[in-house]
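**Student:**
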Amino acid sequence: MVCFVDLHQVFVQSSSTGEIPEPANRTTTLCSRAVRNPNVTVIKDKDMEDYLLANPVIAREQGLEFYAAAPLITAEGLNIGTICLLDTKNRHFSEEDKIILTGFSRVIMSALEICHSSISGFNLS
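Sequence positions in the sequence shown follow this note's numbering and run 163 to 287.
#1: Please classify Thr264: does DSSP put it in a helix, a strand, or coil?
#2: Just grab the DSSP bridge partners of Phe173 for me.
#3: Have a look at His254 and Glu238 and give me their C-alpha separation to the nearest angstrom.
#4: Across which residues does DSSP place Lys206 in a beta bridge pair?
#5: Which of the three DSSP states, helix, strand or coil, is assigned to Leu240?
#6: For the alpha helix (DSSP H) that contains Arg195, what are its first and last residues?
#7: Is Ile245 buried or exposed, if buried means 16 or more other CB atoms sit within 10 Å of its CB?
#8: Does the distance from the CB of Leu234 to the CB of Gly243 come in under 8 angstroms?
#9: What residue from Thr203, Val164, Phe166 has the CA that sits closest to Tyr229's CA?
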């Protein structure tokens, strides 16, 4: 999933299922925690329990056992969202996997910056 975060909500922009849920309250999502971390966040096994207790919607609807997220960081250093992986099964997530996920986050940000540059340079006159 690719999610963007503002002060109050989390907006899912892309999902492997193709379904885009309604914006979620920032206080009830794993993404809101991961976006504050400058590095890859990995939550699994027993650590997931603490997060799910704080996020009963996730526990009830998805039964998560694994979550990994890399922040989407602007050129100015602002974390504006995450690219994340979720699973109902516990997964091993190596250092190489973290590097790959970080690479995907950089590709997303490069594409966004190119789009922003082309829109900013567009003159209506």
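Yeah, the Cβ is synthetic: ideal placement off N, Cα and C, and Gly gets one too.
Since we're looking at a predicted model, the values are computed, not measured.
**Tutor:** The answer reads as follows:
#1: When DSSP states are grouped into helix, strand and coil, Thr264 belongs to the helix group.
#2: DSSP lists Phe166 as partners of Phe173.
#3: 32 angstroms
#4: Phe228
#5: In the structure shown, the three-state DSSP call for Leu240 is coil.
#6: 192–196
#7: buried
#8: It is a contact, given that the beta carbons lie within the stated cut-off.
#9: Thr203
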